[in-house]
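Chemist:
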Amino acid sequence: MGLYLLGVTQFCRMAIEAGAVKLQEVDGLFDNDPLKIGAAKYGMKIERPRHIPDMEVVITLKEQFHLEVIRQLLKLGYKKLSIVFRTPEGFEKRDYNFENYDYPPDDKCMVVLCLQNRSYSGICAIDYMIHHRLVKMSSDLYIVQYVDQNNQIDQYFYAAMADYLITERTELEGIGKSIQLWHGFPFKAMEHMVSDYVSTDRRVSNFWYTYDFIASYGKMYTNFMSACYGTLASQYVVTGMPRNDLLFVTDGRRNLCDLLPDSDGKKIIFYMPTFRKVEAEIAFYARTDGSTDGYLFYWQDFSVEILEKFCERNNIYFVFKLHPSDASKVRTWHVHSDHIGVITDEDLSDKCIYEYLNAADLLISDYSSVYFDYLLLDRPILFTDKDIDDYAANRGIMLEPLELWRPGAVVHTMNDLMGEIKEALDGEDLYKAARARTRALVHHYVDGRSTQRLLDFISEDWRKANG
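Numbering (the working numbering), first residue to last: 122 to 588.
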């Protein structure tokens, strides 16, 4: 096997001088600079990169060029290559083998789904919709899911080969275009809109500015997110959120019964509060009533025994879906209960929470954005806001007046809670019109076809760019 270097640069010269590459073993030189093609260096003619069977290629360029040339070499047909890195100790050559990856045909658009958190995942939803053939796939799309983002060779392959990278959490480096799904409608203030934001560090805003496209619920979402992150209206594409498609197509009751069998045959309530700074909240409630249980509910008279008896009398199954830092505090409460259950992130090993959510006859929340998505089911919602003044002062709220944006009763005590639950489940639906108004403000689309619109958008955008 022969050896070619790709990148006839000062970096290459330094790597050779450091001994990372032995010049006597080099058979040829590649470079992408047209001004260098045909010139001689190290007694060899510089060539344009091409595929040569049984040839090893070593990339001798700085790191900012790695993805571009990895893509080039993989497209040319190389499956094994090496890269020279500059380290604190000097220069180091590392070998990479891409033989075991699935390569898209040259006429296909490779879309990579970057799964980072399953709980509220739009990535899981896209995968579900495709796997169950609930969307019509354009023939030019080639879609793969990328899970292990701690594997460097995976990172290189998908970042280099993807034409589109879809994420919902963090920044992704890649050659292709990037699409941000995010994981909720902004009830709470974020970044620039946080009440005490004083930083001149534009890192977060610039990070959002790097996305080519941001999926949007509609005009209101675009306005709010632009205010929070300094993004441009032109980055937003109104498709709706793919995770909400799961509310329309999954059998949440069956999924819930499989996970929590005692829920079968009962009316289902989901309790899903937002994340808080746990230590501060515990301290606050310990000062006021001596108990630390109440901070999970913001009802000072909370009692799990009262909740248990209430649910038993009314044939209710009460499901807690809390932040991971809180879930352990309620797990012991339901061990011997036929009417209380907990869903943790560990339980979501093969599903996301939206594959259970449509089991709920009623949702209880506070400032969690999940209730905006639940509006698509047009079912009752209750709210709790015991710390709303502190929360608004310290974090900030995007929405005013709250009465317009929270279409359901607000409860402050256990007695309020139980009364409103009975009214919502067995009485007159007093908030149906209010839910419709809020739904219209939040959701441009209410049809469960967000994944289809997103895939259609990608296909159209790719075709425009590729003739």
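The beta carbon of each residue, even a glycine, is placed where N, CA and C say it ideally should be.
#1: What does the alpha-carbon distance come out to for the pair Ile389 and Glu220?
#2: To which residues of the same chain is Pro226 closer than 6 Å at the C-beta, ignoring the five residues directly before and after it?
#3: Considering just the uninterrupted stretch of the alpha helix (DSSP H) at Ser580, what are its terminal residues?
#4: Just mark Leu127 as buried or exposed, buried being the case when its beta carbon has 16 or more other beta carbons within 10 Å.
#5: Contact defined as beta carbons within less than 8 Å: I believe Val233 pairs with Leu286. What is the distance between those atoms, to the nearest angstrom?
#6: What residue from Ile300, Ile296, Leu381 has the CA that sits closest to Glu289's CA?
#7: Please confirm whether Met250 and Asp366 have their CB atoms less than 8 Å apart.
#8: Out of Asp175, Leu202, Arg207, point me to the one whose CA is closest to Gly140's CA.
#9: Looking only at its own chain, which residues have a Cβ that is under 6 Å from the Cβ of Asp494, when we skip the five neighbours before and after it?
#10: If you follow the beta strand (DSSP E) that Lys166 is part of, which residue opens it and which one closes it?
#11: Restricting to Cα atoms, I'd like to know which of Phe423, Val179, Pro155, Val359 is closest to Arg169.
#12: Would you list the residues sitting across from Ser337 in a DSSP beta bridge?
#13: To which residues of the same chain is Tyr330 closer than 7 Å at the C-beta, ignoring the five residues directly before and after it?
#14: Quick one: what does DSSP say Thr288 is sitting in, helix, strand or coil?
#15: In three-state terms, what does DSSP make of Asp410?
#16: The alpha helix (DSSP H) that contains Asp275, what's its start and end?
#17: With three or more C-beta pairs closer than 8 Å as the rule, is the segment 271–278 touching the segment 572–582?
#18: Would you decide whether Gly525 is buried or exposed? Buried here means 16 or more other CB atoms lie within 10 Å of its CB.
#19: Below 6 Å CB to CB, which residues in the same chain sit around Gly295 once its five sequence neighbours on both sides are set aside?
#20: In three-state DSSP terms, what is Asp568?
#21: How many Å lie between Val179 and Ile461 at the Cα?
#22: How far does the beta strand (DSSP E) with Cys235 in it reach, from first residue to last?
#23: Is there a C-beta anywhere in chain D that falls below 8 Å from the one on Pro363?
#24: Could you pull the DSSP bridge partners for Ser299 from this structure?
#25: Quick check for students: name the residue ranges of the alpha helix (DSSP H) that lie wholly in the segment 474–528, counting only runs of 4 or more.
#26: Just list the residues that DSSP pairs Phe151 with in beta bridges.
#27: Which class does Ile427 belong to by DSSP, given the choice of helix, strand or coil?
#28: What is the C-beta distance between Met362 and Lys442, in whole angstroms, given that I count them as a contact (C-beta under 8 Å)?
#29: Asp383 by DSSP, collapsed to three states: which one?
#30: Check whether the Cβ atoms of Tyr342 and Phe278 lie closer than 8 Å to each other.
#31: Candidates Ile247, Arg254, Lys200: which alpha carbon is nearest Gln266's?
#32: Looking only at C-alpha atoms, which of Ile485, Tyr492, Asp383, Val425 sits nearest to Tyr438?
#33: So, for Glu213: in the same chain, excluding its five sequence neighbours on each side, which residues have a beta-carbon less than 6 Å away from its beta-carbon?
#34: Pull up the distance between the alpha-carbon of Val370 and that of Ser571, whole angstroms please.
#35: Out of curiosity, what's the CA-to-CA distance linking Leu236 and Tyr163?
#36: Secondary structure at Arg434, three-state DSSP: helix, strand or coil?
Modeler: Walking through what the data contain:
#1: 49 Å
#2: none
#3: 571–586
#4: buried
#5: 5 Å
#6: Ile300
#7: yes
#8: Arg207
#9: Asn365
#10: 165–168
#11: Pro155
#12: Val359
#13: Gly351, Thr352
#14: strand
#15: With a pLDDT of only 42 at Asp410, under the threshold of 50, the placement of this residue in the model should not be trusted, and no figure is reported.
#16: 273–282
#17: no
#18: One detail in the question is off: residue 525 reads as Leu in this sequence, not Gly. It counts as exposed.
#19: Ala280, Ala283, Leu286
#20: coil
#21: 60 Å
#22: 230–235
#23: The chain inventory of the structure shown lacks chain D, comprising one protein chain alone.
#24: Leu286
#25: 491–495, 509–515, 523–526
#26: Leu127, Glu168
#27: helix
#28: In fact, because the Cβ distance is near 18 Å, the residues do not count as touching under 8 Å.
#29: helix
#30: no
#31: Ile247
#32: Asp383
#33: Phe206
#34: 12 Å
#35: 46 Å
#36: helix
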